[in-house]
């Protein structure tokens, strides 16, 4: 049997917490910065829980940014020039964004992060339980 069928853990690196799960009010938060090394792709995995205190709707958007120095960040763009992002509008769900790093990261950049923006409509001091993880794959060497 091929190793990708019975040992997927040898081909990915999943222990990368971008945004810790928390009950967040509306606002923007920068996620953890990652040096992606030899990995050529990633999956951003976002999980939402309950929306509390009565919001009538919400959006949670995760926008990818890249950097050459870890200080100056640039929005990642796809081939069509659109921002590389994921928007979630449903409570108690999971969503993912698949990214080919070779397509969206400028040659001099070796770091990335996601910026989370939560917008809540209605309610009395509403919050949304949400968190995100980055899963890297396609490395030129297998993770240890």
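Numbering (mature numbering (1 follows the signal peptide of the UniProt record, and there is no 0)), first residue to last: -25 to -1, 1 to 119. The beta carbon of each residue, even a glycine, is placed where N, CA and C say it ideally should be. Only a predicted model underlies this, so the values are computations on that prediction, with no experimental measurement involved.
Report task. At 3 residues or longer, and completely inside the segment 30 to 110: list those beta strand (DSSP E) runs for me, N to C. Result -> Taken in chain order, the complete beta strand (DSSP E) segments of 3 or more residues contained in the segment 30 to 110 are 32 to 42, 60 to 63, 69 to 75, 86 to 96.
Query raised in the report: Are at least three pairs of beta-carbons, each pair with one atom in the segment 54 to 71 and one in the segment 93 to 100, less than 8 Å apart?
Result: No, they do not touch.
Query raised in the report: Got a sec? Which residues, its chain only, sit under 6 Å from residue 73 by beta carbon, not counting five neighbours each side?
Result: For the purposes of this step, residue 73 is taken as residue 98 along the chain shown, with counting starting at 1. Residues of the same chain with a CB within less than 6 Å of the CB of residue 73, apart from the 5 flanking positions on each side, are 18 in chain order.
Requested in this report: Out of 26, 6, 20, state which residue places its alpha-carbon closest to the alpha-carbon of residue 102.
Outcome: Position 127 of the chain shown, counted from the start, is the residue given in the question as residue 102. It is 26.
Query raised in the report: Is it a yes or a no for the segment 33 to 49 touching the segment 69 to 88, going by three-plus beta-carbon pairs under 8 Å?
Result: Cβ pair count under 8 Å is three or more, so yes.
Query raised in the report: Cα separation between residue 39 and residue 91?
Result: As a position in the chain shown, residue 39 is number 64, starting the count at 1. As a position in the chain shown, residue 91 is number 116, starting the count at 1. Rounded to whole angstroms, residue 39 to residue 91 spans 9 Å at the Cα level.
Query - DSSP state of residue -17 mapped onto helix, strand, coil - result: Here residue -17 is taken as the residue at index 9 of the chain shown, counted from 1. The DSSP-derived three-state label of residue -17 is helix.
Report task. Along the beta strand (DSSP E) that carries residue 13, what are the first and last residues, could you check? Result -> On the chain shown, residue 13 is found 38 positions in, with the first residue counted as 1. Residue 13 -> no beta strand (DSSP E), and no H or E assigned at all.
Query - Inter-residue Cα distance where the pair is residue 76 and residue 24 - result: In the chain shown, residue 76 corresponds to position 101, counting from 1. In the chain shown, residue 24 corresponds to position 49, counting from 1. Rounded to the nearest angstrom, the two C-alpha atoms are 29 Å apart.
Query raised in the report: With distances taken from CA atoms, which of 100, 31, 20, 80 is nearest residue 106?
Result: Translated into positions along the chain shown, residue 106 becomes position 131. If we check each option's Cα against that of residue 106, 20 comes out closest.
Report task. Just confirm the distance between the C-beta atoms of residue 109 and residue 69, as a whole number of angstroms; I'd bet it's less than 8 Å. Result -> Numbered from its first residue, the chain shown carries residue 109 at position 134. Numbered from its first residue, the chain shown carries residue 69 at position 94. The distance from the Cβ of residue 109 to that of residue 69 is about 14 Å, inconsistent with a contact at the 8 Å cut-off.
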